[in-house]
Amino acid sequence: EEEEEADRIVELPGQPTVSFRQFSGYVTVNRVAGRALFYWLTEATQNPFRKPLLIWLNGGPGCSSVAYGASEEIGPFRINKTASGLYLNKFSWNTVANLLFLEAPAGVGFSYSNRSSDLLDTGDRRTAKDSLEFVIRWLERFPRYKNRELYISGESYAGHYVPQLAQQIIMYNAKAKHPINLKGIMVGNAVTDNYYDNLGTVTYWWSHAMISDQTYRQLMSTCDFHRQKESDECESLYSYAMDQEFGNIDQYNIYAPPCN
Amino acid sequence: CTEKYAEIYYNRPDVQKALHANTTTISYKWTACSEVLNRNWNDTDVSVLPIYRELMAHGMRVWVFSGDVDSVVPVTATRYSLAQLKLATKIPWYPWYVKNQVGGWTEVYEGLTFATVRGAGHEVPLFKPRAALQLFKSFIAGKPLPKS
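Which chain is which? The protein sequence lines are X and L, in order.
Residues in the first sequence are numbered consecutively from 3, following this note's numbering.
Residues in the second sequence are numbered consecutively from 38, following this note's numbering.
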């Protein structure tokens, strides 16, 4: 309980008064390398002891920080324009569940590694293993969540992190005395399959009249969507489409004004 | 531009103290995205569809949603990928509703629910917060999205 209390957030600067509790801090996931992941828990507004636990991961890779999910999507607070304080998000998901935001892997946000080379050779595998280690140790620190229904959610490159962490938990549960009560996953605009993601992206660009017929035909004939690393010819076609044909748009929302 | 506010707020010493963050005084500023990690990403699965199959085989609830005005990982990409799973349809395609508006469209397959969020970009809860909250409520309840 001491560890838990040590992580208790009394109040964030410029935060409105709230009824729910918050905790944040570090969980060491690899002692040898000195890797520790940062988390922020915002408990449910009502009956937190009965509500499920949701772990939220963002994408990138390298962008699963509290800037996105926690601060502009599902979290209870939004940061105001001058960054002087916070205001409430009336559609926060902590009306439905306890939200656990995880900055992963080490090197993202406040999560760190004492072995600096870790930032140069991290990938899906280490991220999944470290995230599993995080969940196991975090539940030791917050034992009241040990048997709670657990869901994992996220978007974009977390289309990898989320199912991979779920898979790690299933493998862990097969041998564990106290299995983790994982119930499901939900992913959004998720990186899923290299070939079909690329094919679908170019198709969307054409069907939404963002690129010319000629560029569409060249992309389809020049690029091999099965490859992880596209050829130079293909890369330059992508660059041409984005630089010359898209115009100044926000690719993350093609009908919204861009953030200049 | 809300990401810019985060770059300021989370680098404030008083905020880091309140969050028990940066206790080892990391040698670089906090930032929303790590360029170093992104450029040196070491290994990546070509496809996570095999993991979806494994999760469904273990009885996990699997939901996939898509903001339909995102062009980075667009709805067509997700639909092409999910089509490879060749899942049987349980509840055919229908518009789902939130506050008397079409929140998007959805189809419930054996083992997986797919839903779009109409007019939402890459970060669905940022652009369509009310619809995203309804999506989450239905997911947690394990119920199909509302038909009206």
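C-beta atoms are modelled at their ideal positions from N, C-alpha and C, and glycine is treated no differently.
7 Å CB neighbourhood of residue i in its chain, flanking five on each side removed
i: V112(L); result: S103, D105 and T153
i: I213(X); result: W207, A243 and E247
i: S94(X); result: I76, G77 and P78
i: N91(X); result: G77, P78, F79 and R80
i: H210(X); result: I256
i: A169(L); result: V154, V161 and P162
Member of the options whose CA lies at the smallest distance from the CA of residue i
i: V135(L); options: Q53(L), L56(L) and S175(L); result: S175(L)
i: K185(X); options: R10(X), V31(X), P78(X) and P54(X); result: P54(X)
i: P162(L); options: K177(X), L122(X), N60(X) and N183(X); result: N60(X)
i: D126(X); options: I138(X), V12(X), A160(X) and D215(X); result: A160(X)
i: R10(X); options: V137(X), I172(X), V204(X) and E45(X); result: E45(X)
i: Y28(X); options: E6(X), Q220(X) and E13(X); result: E6(X)
i: A108(X); options: I171(X), G190(X) and D123(X); result: D123(X)
i: N149(X); options: H180(X), G87(X) and G190(X); result: H180(X)
i: G190(X); options: L119(L), Y47(L), H95(L) and C38(L); result: L119(L)
i: L14(X); options: E4(X), S26(X) and E3(X); result: S26(X)
i: A55(L); options: R37(X), W42(X), F22(X) and G71(X); result: W42(X)
i: A43(L); options: G111(X), T224(X) and S241(X); result: G111(X)
i: E144(L); options: K180(L), R167(L) and V110(L); result: K180(L)
i: E74(X); options: L172(L), A69(L) and N79(L); result: A69(L)
i: E40(L); options: L152(X), A69(X), T224(X) and G36(X); result: A69(X)
i: N116(X); options: Y46(L), N59(L), T81(L) and D51(L); result: N59(L)
i: R167(L); options: D82(L), G141(L), P50(L) and T62(L); result: G141(L)
i: Y153(X); options: F173(L), W130(L) and R90(L); result: F173(L)
In DSSP terms, what residue i is bridged to
i: W133(L); result: G141(L)
i: N32(X); result: R37(X)
i: V154(L); result: G104(L)
i: Y146(L); result: T126(L) and L149(L)
i: T224(X); result: DSSP, once it has assigned bridges, lists no residue as partnering T224(X).
i: Y114(X); result: A38(X)
i: I81(X); result: L88(X)
i: L152(X); result: L55(X) and L184(X)
i: S26(X); result: W42(X)
i: N100(X); result: L55(X)
Close beta carbons around residue i, own chain, < 6 Å, minus the five adjacent residues each side
i: F227(X); result: Y197, N200 and L201
i: F164(L); result: A157 and G158
i: Y218(X); result: W208
i: E235(X); result: T224
Nearest-angstrom Cβ-Cβ length linking residue i and residue j, presumed shorter than 8 Å
i: S233(X); j: Y163(X); result: Rounded, the Cβ-Cβ distance is 28 Å, inconsistent with contact.
i: I187(X); j: M97(L); result: 6 Å
i: R75(L); j: L121(X); result: Just to set this straight, residue 75(L) is Asn in the shown sequence, not Arg. That belief does not hold up - the Cβ atoms of N75(L) and L121(X) are roughly 10 Å apart, past 8 Å.
i: V101(L); j: A192(X); result: 6 Å
i: T194(X); j: T115(L); result: 6 Å
Close-in-space but distant-in-sequence residues of the same chain around residue i (CB under 8 Å, 5 per side omitted)
i: A106(X); result: L39, L59, S66, S113, T129, D132, S133, F136 and Y163
i: Y89(X); result: P18, F79, R80 and N82
i: P260(X); result: N250, I251 and D252
i: G148(L); result: M93, V99 and L124
In chain order, which continuous runs of the alpha helix (DSSP H) of length 4 or greater are located wholly inside the region 77–121 of chain L?
Listed in chain order, they are 86–94 and 112–120.
Only counting runs of 4 or more residues, tell me where the alpha helix (DSSP H) segments fall wholly within the region 160–202 of chain X, in order along the chain.
Within the region 160–202 of chain X, the complete alpha helix (DSSP H) runs of at least 4 residues are 160–177.
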